[in-house]
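Residue numbers (this note's numbering): 4 to 277.
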């Protein structure tokens with residue numbers, strides 16, 4: 004999916020919602036456990052209930068990898084079900100030496116046909132550029148995350164005493180690829196820093212986790228972080244997919260997704276994007 008196609012979907016759906024498919028078999032409704040593939044059945048109903056309200060889905064691979072081969076099979080069936088006009092993000096946080104990154108990229112982009120993959124930048128340029136060799140695919144680089152441990156490294160100042168590490172990550176990596184190939188992860192709980200991060204990467208999309216169950220403020224991050232093309236994909240996982248635990252779980256997920264989409268529509272209008 005190209006940047007233009009993504010922006011078109013945002014305007015069409017009046018939404019920049021990414022639904023996280025963090026599907027935990029211990030949390031899905033009990034009536035699904037008797038089905039042939041409970042994880043896939045859960046995902047299927049969530050997708051059918053929300054696909055007109057979101058522009059991206061983000062399976063967190065740990066939830067599928069933890070189930071071994073069965074989990075990978077559930078994931079592939081899920082991917083096959085997602086409509087072509089919705090961005091599919093592999094939340095994999097990969098990053099290794101060049102030849103290994105090349106194989107990771109082939110796995111996600113060629114074999115599984117993801118549109119984007121999250122990548123850790125710690126090992127530097129040669130661990131990231133293999134992912135950038137694939138046309139119309141995206142690298143989503145970890146920049147400023149919302150977890151407590153982010154302060155161990157990401158916000159630490161460099162030798163000049165004034166530049167935090169995450170700024171160096173953004174400034175260097177933006178030389179490797181443009182805004183049509185590269186996005187950044189910026190946590191929603193970092194709303195007070197959003198305007199500054201946007202100033203460092205004016206044209207780039209940000210994937211924003213942490214809205215909803217983690218306490219991120221959608222209005223605050225949207226007003227500080229939007230650019231002229233929106234430039235945001237705001238992820239919500241638990242708040243939407245676990246909104247209900249009965250036979251009507253998908254309907255309740257839709258209610259939650261609709262509420263987020265409605266708020267996003269107003270924010271897009273406020274910015275003049277739609």
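Note that beta-carbon positions come from the ideal geometry of N, C-alpha and C, so glycine has one too.
Shown here for residue 184: same chain residues with a beta carbon closer than 8 Å to its own, the five before and five after excluded, namely 135, 140, 141 and 142 in chain order. Just so you know, the alpha carbons of residue 40 and residue 77 end up roughly 7 Å apart.
In this structure, the beta-carbon distance from residue 53 to residue 10 does not fall below 7 Å. When DSSP assignments are scanned along the segment 68-102, the uninterrupted stretches of alpha helix (DSSP H) that are 4 or more residues long and fall wholly within it turn out to be 72-84. The Cβ-Cβ distance between residue 145 and residue 200 does not fall below 7 Å. Per the DSSP secondary-structure output, residue 209 pairs in a beta bridge with 187 and 235.
The continuous stretches of alpha helix (DSSP H) do not include residue 143, which lies in the beta strand (DSSP E) extending over residues 141-147. Between residue 84 and residue 47, the C-beta gap is smaller than 7 Å, which places the two residues in contact. The three-state secondary structure of residue 56, taken from DSSP, is coil. The segment 21-66 contains, as complete alpha helix (DSSP H) runs of 4+ residues, the segments 41-53 (chain order).
According to the DSSP secondary-structure assignment, residue 230 is paired through a beta bridge with 233.
A direct Cα-to-Cα measurement between residue 130 and residue 100 gives close to 5 Å.
Nearest in C-alpha terms to residue 237, of all of 249, 264 and 231, is 264.
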